[in-house]
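**Student:**
In my numbering, the protein residues as written are 88 to 292.
Dropping the structure here:
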C-alpha cells in the first residue's frame, strides 16, 4: 500500500513538473521496495517448513486488491445491494428522487447483462444550477457501488476549454513530450478501474 501511494505521489509530482519532489519520492519508493523484499525474504525463510492453507477469504482479498473493489462490497450479495439502491441513495441525496430512480434502473439493467459489454456500466448527464446535488449524487453513487467515496474520479472540464488541452485527458501520442506520463483521465482510470468518472462543468469544455 505504501509503495502504491508513493508511486501515485511520484506520478503526480512529475505531472506538476516538480522533479525535485519526484526524485525524493523515487528514493522513498526504492527504500520501500527494499524493505518489502527483506520482509518477504525473512518470511520465506521462516515458513519453509510450514504448510500454508489458502482459503476463500484470502482469494477474495487478493482479487479485491487487484481490482480495487472493496472486500466488504464483494461479500454482499449483488441483488440485495441493487434492490435497496433507491432507498439508500434517497436517504443521502434529498430532492433528486427522479434522478436516483433512473440511475438505479440503469445500473440494474447493466448488472443483468442487458447492455453492450464494450461500453461503461452507465453514462448520465446531470443538468441543473449550482447546489442542487449533482456532484454530491455522483460521490454517493461511487460510495454505494464501490464502498469508497474516493472511487470518484472528478475532472474539472473548465480546464479543457481549448482543443489542444484535450490531450491532457488521454495523454500525448507516442513520440511526443509527456507520452510516458499518461493522461489525467486515462491514468486515473488505469490505477482505479472500478470507479465513477465525473466530468464537472462539461459545457465549458
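For each residue, glycine too, the CB sits at the ideal point set by N, CA and C.
Quickly, what does DSSP pair residue 240 with across the bridge? List them, please.
**Tutor:** As a first step, residue 240 is located in the chain shown; it is residue number 153 there, counting from the start. 284.
**Student:** Might you give, ordered along the chain, the residues of its own chain that have their beta carbon closer than 6 Å to the beta carbon of residue 191, omitting 5 neighbours on each side?
**Tutor:** The count along the chain shown starts at 1 and reaches residue 191 at position 104. Counting only Cβ-Cβ distances below 6 Å, and skipping sequence neighbours, we find 172 and 173.
**Student:** Whole-angstrom Cβ separation of residue 224 and residue 208, contact assumed at under 8 Å?
**Tutor:** As a first step, residue 224 must be located in the chain shown, where it is residue number 137. As a first step, residue 208 must be located in the chain shown, where it is residue number 121. Contact doesn't hold; Cβ gap of about 16 Å is too wide.
**Student:** At the level of alpha carbons, what is the spacing between residue 228 and residue 280?
**Tutor:** Taking the first residue of the chain shown as position 1, residue 228 is located at position 141. Taking the first residue of the chain shown as position 1, residue 280 is located at position 193. Answer to the nearest angstrom: the Cα atoms are 15 Å apart.
**Student:** Can you list, in chain order, the residues of its chain whose CB lies under 7 Å from that of residue 197, leaving out five sequence neighbours each side?
**Tutor:** Residue 197 sits at position 110 when you count from the first residue of the chain shown. Taken in chain order, the residues that qualify are 208 and 209.
**Student:** Which residue marks the beginning of the alpha helix (DSSP H) containing residue 146, and which one marks its end?
**Tutor:** The residue you call residue 146 lines up with position 59 of the chain shown. Counting along the chain, the alpha helix (DSSP H) containing residue 146 begins and ends at 143 to 154.
**Student:** Can you tell me where the alpha helix (DSSP H) holding residue 292 begins and where it ends?
**Tutor:** Looking up residue 292 in the chain shown gives position 205. Careful: residue 292 lies outside any alpha helix (DSSP H) and carries neither H nor E.
**Student:** Kindly indicate which three-state DSSP category residue 223 falls into: helix, strand or coil?
**Tutor:** What you label residue 223 is simply residue 136 of the chain shown in a count that begins at 1. It is helical.
**Student:** Quick check: the region 120 to 140 against the region 179 to 188, are there 3 or more CB pairs under 8 Å?
**Tutor:** Result no; under three Cβ-Cβ pairs closer than 8 Å.
**Student:** Report the three-state DSSP secondary structure of residue 214 (helix, strand or coil).
**Tutor:** Translated into the one-based positions of the chain shown, residue 214 becomes position 127. Coil, per DSSP.
**Student:** Assuming residue 285 and residue 217 are in contact, meaning their beta carbons sit under 8 Å apart, how far apart are those beta carbons, in whole angstroms?
**Tutor:** Numbered from 1 along the chain shown, position 198 holds the residue referred to as residue 285. Numbered from 1 along the chain shown, position 130 holds the residue referred to as residue 217. Wrong, their Cβ atoms sit about 15 Å apart, outside the cutoff.
**Student:** Determine the burial state of residue 230: buried for a count of at least 16 other Cβ atoms within 10 Å of its Cβ, exposed for fewer.
**Tutor:** As a first step, residue 230 is located in the chain shown; it is residue number 143 there, counting from the start. By the neighbour-count rule (16 or more Cβ atoms within 10 Å), residue 230 is buried.
**Student:** Taking the alpha-carbon positions, what's the residue 274 to residue 94 distance?
**Tutor:** Indexing the chain shown from 1 puts residue 274 at position 187. Indexing the chain shown from 1 puts residue 94 at position 7. The straight-line gap from Cα to Cα measures roughly 12 Å.
**Student:** Over what stretch of residues does the alpha helix (DSSP H) that includes residue 118 continue unbroken?
**Tutor:** For the purposes of this step, residue 118 is taken as the residue at position 31 of the chain shown. Residue 118 -> alpha helix (DSSP H) spans 106 to 133.
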